[in-house]
Amino acid sequence: EEKLETFAKKTKGKKGRRGKAGKRAARKKQQEPASSEPEVEPRISKPVIEQTELALKEETSSKVPVSDETPTEVRLGKQSQPVETLKQGSMSAMFGGVIDRLAGAVGSGAATHPKMPPTFVPASAAKKSGPEKRPVRCFECNHQQMVSIAASSTQCARCSIYISLEDHDISGVWSQNIRTRGNVRVGKKGSVVGCDIACHDLEVLGPISASVDCSGNAIFRHSGRVMGSMHCRTLVVEKKSEVVFPQGVLAESVDVYGTVVGNITCAGTIRIWKSGKVEGDATARGVDLKDGGVLSGRMSIQPLIDITLPEKKGYQKNF
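Residues in the sequence shown are numbered from 4 upward in steps of one, following our numbering.
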């Protein structure tokens with residue numbers, strides 16, 4: 004009995020302790036917040052999914068229309084352009100409309116044509132690099148070569164003679180020879196007597212009595228006398244001027260407003276204007292005689308007339 008009582012006391016104390024611990028745990032559970040329930044994903048019905056898929060298909064079909072025509076094959080090798088053309092213009096111009104043809108093969112809409120940029124210049128109209136040049140004929144051998152317009156002198160490539168390209172303006176009495184392929188101008192107060200003149204363009208405003216070798220244009224605004232045979236590109240004799248050519252004149256075109264005494268050989272057309280008069284023979288491809296113009300001499304019309312001076316023999320080219 005004593006043992007039973009002691010055992011009962013021991014077990015009664017343990018139950019009390021366990022009861023206190025249980026109460027403490029229950030209090031803690033009451034103080035803690037209630038646990039959140041697990042989220043449930045929303046379920047989408049099948050009709051909604053089908054509607055979204057149809058809408059996406061309609062958008063893609065409207066953006067990229069597909070034509071029933073078969074796409075055309077484009078070969079860039081045969082339709083390619085040279086490098087000079089590709090260097091100029093925009094990218095669409097470089098491809099020469101290939102992009103438009105591809106766009107026409109994909110879609111049924113009208114293809115846009117490529118537009119050149121405003122600064123585009125075709126190769127034919129583009130300014131060529133390098134200085135401008137003009138022809139220069141040699142005094143001695145009549146060889147013609149191209150020389151820069153900025154040059155002040157040059158050397159004949161055939162006979163190696165020095166050729167000056169300076170201009171001369173004569174404002175007084177002049178009796179020295181002039182050998183240049185520049186321009187010579189005889190002013191109103193100037194006069195040239197008893198000398199030889201070799202030049203490119205000649206303009207005469209004063210009296211002249213000299214031998215003239217002109218490779219350009221010769222304009223006479225004053226009376227004069229040219230010794231020897233004169234060769235020029237264009238001959239113009241103004242009004243109230245009388246020019247005498249004892250051995251004739253060779254020119255590519257002739258305009259006579261004054262009086263010309265001597266034979267004229269022209270590779271182009273001789274125009275004798277209202278106040279013009281020619282005392283001599285006229286040989287040309289055509290003669291235009293205006294009302295009031297006078298031609299006292301024989302007129303010969305020839306389709307082919309060559310007035311170029313032949314190169315003298317005995318010289319060898321240095322190139």
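Backbone N, C-alpha and C define an ideal beta-carbon position, used for all residues, glycine too.
These numbers come from a predicted model, not from an experiment.
Give me whichever residues DSSP pairs with P138 in a beta bridge.
-> BP columns for P138 point to M149.
My guess is that R288 and G271 are in contact by the Cβ rule of under 8 angstroms, so how many angstroms apart are they, rounded?
-> Contact between R288 and G271 holds, since their C-beta atoms are separated by about 6 angstroms, short of 8 angstroms.
Please report how far the alpha carbon of Q158 lies from the alpha carbon of E143, in whole angstroms.
-> Straight-line spacing of the CA atoms in Q158 and E143 works out to 12 angstroms.
Give the DSSP-derived three-state secondary structure of L253 in the structure shown.
-> Secondary structure of L253 (DSSP, three-state): strand.
Same chain, Cβ closer than 8 angstroms to M149, neighbours up to 5 away in sequence not counted | Cβ contact annotation for M149 (same chain, cutoff 8 angstroms, sequence separation greater than five): K136, R137, P138 and V139, in chain order.
Using only alpha-carbon positions, find the residue among S218, G227 and Q305 that is nearest to A254.
-> Taking the Cα of A254 as reference, the smallest distance to any Cα among S218, G227 and Q305 is reached at S218.
Anyone know if the C-beta pair for N180 and I164 falls short of 9 angstroms?
-> It is not a contact, given that the beta carbons lie outside the stated cut-off.
By Cβ distance, which residues of its chain are closer than 6 angstroms to R274, with the 5 residues on each side in sequence left out?
-> Hits under 6 angstroms: D258 and D291.
Which class does L57 belong to by DSSP, given the choice of helix, strand or coil?
-> Residue state, collapsed to three classes: helix.
Report all residues from its chain with a CB closer than 6 angstroms to the CB of S303; omit the five preceding and five following residues, and keep chain order.
-> Here S303 has T286 as same chain residues with Cβ atoms under 6 angstroms from its own Cβ, once five neighbours each way along the sequence are excluded.
In chain order, which continuous runs of the beta strand (DSSP E) of length 3 or greater are located wholly inside the stretch 219 to 254?
-> Within the stretch 219 to 254, the complete beta strand (DSSP E) runs of at least 3 residues are 220 to 223, 227 to 230, 237 to 240, 245 to 247 and 252 to 254.
Paired residues, beta bridge with W177 - DSSP | DSSP lists V195 as partners of W177.
What three-state label does DSSP hand T262 in the structure shown?
-> In the three-state reduction of the DSSP assignment, T262 falls in the strand class, which pools E and B.
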